[in-house]
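Asks: Keeping their order, the protein sequence lines are chains A and B.
Just so it is clear: in the first sequence, position 70 is 346 by our numbering, and no numbers are missing.
Just so it is clear: in the second sequence, position 12 is 29 by our numbering, and no numbers are missing.
Yeah, the Cβ is synthetic: ideal placement off N, Cα and C, and Gly gets one too.
For clarity, every value in this text was computed on a predicted model and none was experimentally measured.
Got a structure for you, questions after.
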Amino acid sequence: AQSVSQHNHHVILSEAASLELGCNYSYGGTVNLFWYVQYPGQHLQLLLKYFSGDPLVKGIKGFEAEFIKSKFSFNLRKPSVQWSDTAEYFCAVNGGSQGNLIFGKGTKLSVKP
Amino acid sequence: GAVVSQHPSWVICKSGTSVKIECRSLDFQATTMFWYRQFPKQSLMLMATSNEGSKATYEQGVEKDKFLINHASLTLSTLTVTSAHPEDSSFYICSARDGDRYNEQFFGPGTRLTVL
Numbered sequence: 277a278q279s280v281s282q283h284n285h286h287v288i289l290s291e292a293a294s295l296e297l298g299c300n301y302s303y304g305g306t307v308n309l310f311w312y313v314q315y316p317g318q319h320l321q322l323l324l325k326y327f328s329g330d331p332l333v334k335g336i337k338g339f340e341a342e343f344i345k346s347k348f349s350f351n352l353r354k355p356s357v358q359w360s361d362t363a364e365y366f367c368a369v370n371g372g373s374q375g376n377l378i379f380g381k382g383t384k385l386s387v388k389p
Numbered sequence: 018g019a020v021v022s023q024h025p026s027w028v029i030c031k032s033g034t035s036v037k038i039e040c041r042s043l044d045f046q047a048t049t050m051f052w053y054r055q056f057p058k059q060s061l062m063l064m065a066t067s068n069e070g071s072k073a074t075y076e077q078g079v080e081k082d083k084f085l086i087n088h089a090s091l092t093l094s095t096l097t098v099t100s101a102h103p104e105d106s107s108f109y110i111c112s113a114r115d116g117d118r119y120n121e122q123f124f125g126p127g128t129r130l131t132v133l
C-alpha cells in the first residue's frame, strides 16, 4: 500500500534557523507531491506541489522542496524560519485508489522567537 | 479561484442526534469530493470518496450507514453523521477535485464536531 513517512514528529527551532523536514513516499507510479501547512486553529493550506519538470519546487512564504526520485523523497526546506511559521506541516502524495491524497502523520514545527 | 467552503465550521450536539455537514465548491465544478477525518495531533484519514450522481465509496472500517454521503450536484456534497456518539467527535475536512485540474484537490476549512 502507498504510504508517506514524515520522519520528524516535532521540530523546535529558533528564529532565523534553517529548516528541513523529511518526507519519503512509497508509490511506484507517477507521483504528484504536495506539502500543506496547518496553522493553529486553521485549515490546510497548500504550500507547494510537484507534478513534473524541475524537481526543485518553490512555494509560498519562502518554502521550497526538492523531489529526488531515486530516494523517493520530497523534503521541505526554508533557509530562515520565522515565529509565524509555527504550524503543522503535512506531506502528501496522490497515491490513493480513489485518486485521494495520502498524508504523512505531520510534523509540528515550533519556532522560538 | 478554487475555493471550497464547509458549513458549519463547528457544531456541538447531544449523543444520539444526527449532524449534517455541507461541502461546497464555490467557483468550480467538483466531479469528485473527498471526506477526511482528522483526530487531534494526527494526520488526515480518508473516510470516503464522493462522485457526483453516484454512490460514495467508503474506506475500509468506515460505516456507510453511520456516515451518509450525498453528492447531489457538482458543487455540493453532504456528510451526515447519524446517531452521533462521543467517539465521533473529530475534525471533518472535505476536499474537492476540479474536473479540469485532475491532479489537484482543494480543501475546505473543516468542521469541528463535538458530541456530548
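1. Compute the Euclidean distance between the alpha carbons of PHE366 (chain A) and SER107 (chain B), then round it to the nearest angstrom.
2. By how many angstroms is the C-alpha of TRP311 (chain A) removed from the C-alpha of VAL280 (chain A)?
3. Whole angstroms are fine: how far does the CA of ASP44 (chain B) sit from the CA of LEU130 (chain B)?
4. Comparing the C-beta of PHE379 (chain A) with each C-beta of chain B, is any distance below 8 Å?
5. Just tell me which of A:PRO355, A:GLY382, A:ASP330 and A:LEU289 has its CA closest to the CA of PRO389 (chain A).
6. Of all the CB atoms in chain B, is at least one closer than 8 Å to the CB of HIS319 (chain A)?
7. So within the segment 95-124 of chain B, which uninterrupted beta strand (DSSP E) runs reach at least 3 residues, ignoring any that extend past its ends?
8. Identify the residues that DSSP records as bridge partners of THR49 (chain B): which are they?
9. If you reduce the DSSP assignment to three classes, tell me which class LYS83 (chain B) lands in.
10. Could you name the residues of the segment 325-345 of chain A whose beta carbon sits closer than 9 Å to any beta carbon of chain B, in the order they occur along the chain?
11. Along the segment 87-105 of chain B, where does the CB come closer than 9 Å to a CB of chain A? Name the residues.
12. Going along the segment 297-322 of chain A in order, which residues come within less than 7 Å of chain B, judged by CB to CB distance?
13. Is it true that the CB of LEU61 (chain B) sits closer than 8 Å to the CB of ILE110 (chain B)?
14. With a 10 Å radius around its C-beta and 16 neighbouring C-beta atoms as the bar for buried, classify ASP117 (chain B) as buried or exposed.
15. Taking 8 Å as the CB-CB limit, is ILE110 (chain B) close to chain A?
16. Where DSSP assigns a beta bridge to GLU76 (chain B), which residues make up the other side?
17. Quick one: which chain A residues come within Cβ less than 8 Å of SER60 (chain B)?
18. Can you tell me whether GLN59 (chain B) is buried or exposed, with buried defined as 16 or more other CB within 10 angstroms of its CB?
Replies: In brief:
1. Against the first sequence, residue 366 (chain A) aligns to sequence position 90. Against the second sequence, residue 107 (chain B) aligns to sequence position 90. So the two alpha carbons sit approximately 18 Å from each other.
2. To locate residue 280 (chain A), count along the first sequence from 1; it is residue 4. To locate residue 311 (chain A), count along the first sequence from 1; it is residue 35. One alpha carbon belongs to VAL280 (chain A), the other to TRP311 (chain A), and they sit about 12 Å apart.
3. As a first step, residue 130 (chain B) is located in the second sequence; it is residue number 113 there, counting from the start. As a first step, residue 44 (chain B) is located in the second sequence; it is residue number 27 there, counting from the start. One alpha carbon belongs to LEU130 (chain B), the other to ASP44 (chain B), and they sit about 26 Å apart.
4. As a first step, residue 379 (chain A) must be located in the first sequence, where it is residue number 103. True, the Cβ-Cβ gap to chain B drops below 8 Å.
5. Position 113 of the first sequence, counted from the start, is the residue given in the question as residue 389 (chain A). Closest option to PRO389 (chain A), judged by alpha-carbon separation, among A:PRO355, A:GLY382, A:ASP330 and A:LEU289: A:LEU289.
6. Stepping through the first sequence from its first residue, residue 319 (chain A) is reached at position 43. It does: the Cβ of HIS319 (chain A) has a partner Cβ on chain B nearer than 8 Å.
7. The segment 95-124 of chain B contains, as complete beta strand (DSSP E) runs of 3+ residues, the segments 107-115 and 122-124 (chain order).
8. Against the second sequence, residue 49 (chain B) aligns to sequence position 32. Under DSSP, THR49 (chain B) takes part in a beta bridge, and its partners are B:ASN68 and B:ARG114.
9. Sequence index remark: in the second sequence, residue 83 (chain B) carries index 66 (1-based). Coil at LYS83 (chain B), not helix or strand.
10. Result list: LYS325 and PHE327.
11. Those residues of the segment 87-105 of chain B that come within reach of chain A (Cβ to Cβ, closer than 9 Å) do not exist; the list is empty.
12. For the segment 297-322 of chain A, the set of positions with a beta-carbon nearer than 7 Å to some beta-carbon of chain B reads ASN308, HIS319 and LEU320 in chain order.
13. On the second sequence, position 93 is the one that residue 110 (chain B) refers to. On the second sequence, position 44 is the one that residue 61 (chain B) refers to. With contacts defined by Cβ atoms closer than 8 Å, ILE110 (chain B) and LEU61 (chain B) form a contacting pair.
14. The residue labelled residue 117 (chain B) in the question sits at position 100 within the second sequence. Exposed.
15. Here residue 110 (chain B) refers to the residue found at position 93 when the second sequence is read from its first residue. Interface criterion met: the Cβ of ILE110 (chain B) is under 8 Å from a Cβ in chain A.
16. Position 59 of the second sequence holds residue 76 (chain B). Note: GLU76 (chain B) sits in no beta bridge, so no partner.
17. For the purposes of this step, residue 60 (chain B) is identified with residue 43 of the second sequence, where counting begins at 1. PHE366, PHE379, GLY380, LYS381 and GLY382, listed in chain order.
18. For the purposes of this step, residue 59 (chain B) is taken as residue 42 along the second sequence, with counting starting at 1. GLN59 (chain B) is exposed by the Cβ-count criterion.
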